[in-house]
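Engineer: UniProt numbering applies: residue 1 is where the sequence shown begins, and numbers increase by one. From the three backbone atoms N, C-alpha and C, an ideal C-beta is built for every residue, glycine too.
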Amino acid sequence: MFDGDGAGLDLTSILAGSHDVPLVDVEISIASTDLPADVASFLREADSRVSRFVQDHPARVAGFVPSNFATVYRGLRAITDANLACGSSLCEWGSGLGVVSSLAAMLQFDVCGIEIDEGLVAESRSLADDFALPVEFVHGSFIPSGG
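#1: Could you compute how far the alpha carbon of Glu45 sits from the alpha carbon of Val54?
#2: Roughly how many angstroms separate the alpha carbons of Asp117 and Gly94, rounded to a whole number?
#3: CB-CB under 7 Å to Ala85, same chain, minus the five flanking residues each way: which ones, in chain order?
#4: Can you check whether the CB of Ser102 is closer than 8 Å to the CB of Ala128?
#5: Quick one: residues in its chain with C-beta nearer than 6 Å to the C-beta of Asp110, no 5 flanking neighbours on either side, listed in chain order?
#6: Please report the distance separating the alpha-carbon of Ala82 from that of Phe42.
#7: Could you check what DSSP says for Ser41 in three-state terms: helix, strand or coil?
#8: Identify the residues that DSSP records as bridge partners of residue 165: which are they?
#9: Following the continuous alpha helix (DSSP H) through Glu118, name the residue where it begins and the one where it ends.
#10: Starting from Val72, follow the alpha helix (DSSP H) in both directions and report where the run begins and ends.
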């Protein structure tokens, strides 16, 4: 059963789209503080690998969108510090080189990254393994067949 004032709603009906669950605006403050040394070291290596990937695979770059990973880390940190996560699991759809998934693992999330490009899955696993980060990466698509 769904807690709150969703009287009688269950998760199955919500996921099936039978009931709307309103979103709530949540304000968080993302501090521009220095990154922890282990995170900064990880991001230096990740940035190097992203740059190398973009240079070595120009034809595959069209669908590859890297993020501002320091900001992502600070955002995830703010969410964990404010206890805003609904649990400890995080699934990154279209995980690319796995940088965001790995950052979440550094913050103790149980993480799975899904990526359609097998080469990126291998790169993701290598990066996470090199930093002993417990992230599961799977080759697949989050887009339903026919969609």
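Structural biologist: Put simply:
#1: Locating residue 45 in the sequence shown gives position 45, counting from the first residue. Locating residue 54 in the sequence shown gives position 54, counting from the first residue. Taking the straight line joining both Cα atoms gives about 14 Å.
#2: To locate residue 117, count along the sequence shown from 1; it is residue 117. To locate residue 94, count along the sequence shown from 1; it is residue 94. Cα to Cα, the separation comes out at about 9 Å.
#3: Residue numbering aside, residue 85 sits at position 85 when the sequence shown is read from its first letter. Hits under 7 Å: Ile79.
#4: Sequence index remark: in the sequence shown, residue 128 carries index 128 (1-based). Sequence index remark: in the sequence shown, residue 102 carries index 102 (1-based). Contact flag set, yes.
#5: Indexing the sequence shown from 1 puts residue 110 at position 110. If the five residues before and after Asp110 are omitted, its C-beta is found closer than 6 Å to the C-beta atoms of Ser88 and Ser89, all from its own chain and listed in chain order.
#6: Taking the sequence shown and counting its residues from 1, one reaches residue 82 at position 82. Taking the sequence shown and counting its residues from 1, one reaches residue 42 at position 42. Cα to Cα, Ala82 sits roughly 24 Å from Phe42.
#7: The sequence position of residue 41 within the sequence shown is 41, counting from 1. Judged by DSSP in its simplified three-state form, Ser41 adopts helix.
#8: Any question about residue 165 goes unanswered here, given that the chain covers just 1 to 147.
#9: On the sequence shown, position 118 is the one that residue 118 refers to. Glu118 -> alpha helix (DSSP H) spans Glu118 to Asp130.
#10: Here residue 72 corresponds to residue number 72 of the sequence shown, with the count starting at 1. Taken as a continuous stretch (DSSP letters only), the alpha helix (DSSP H) holding Val72 covers Phe69 to Asp81.
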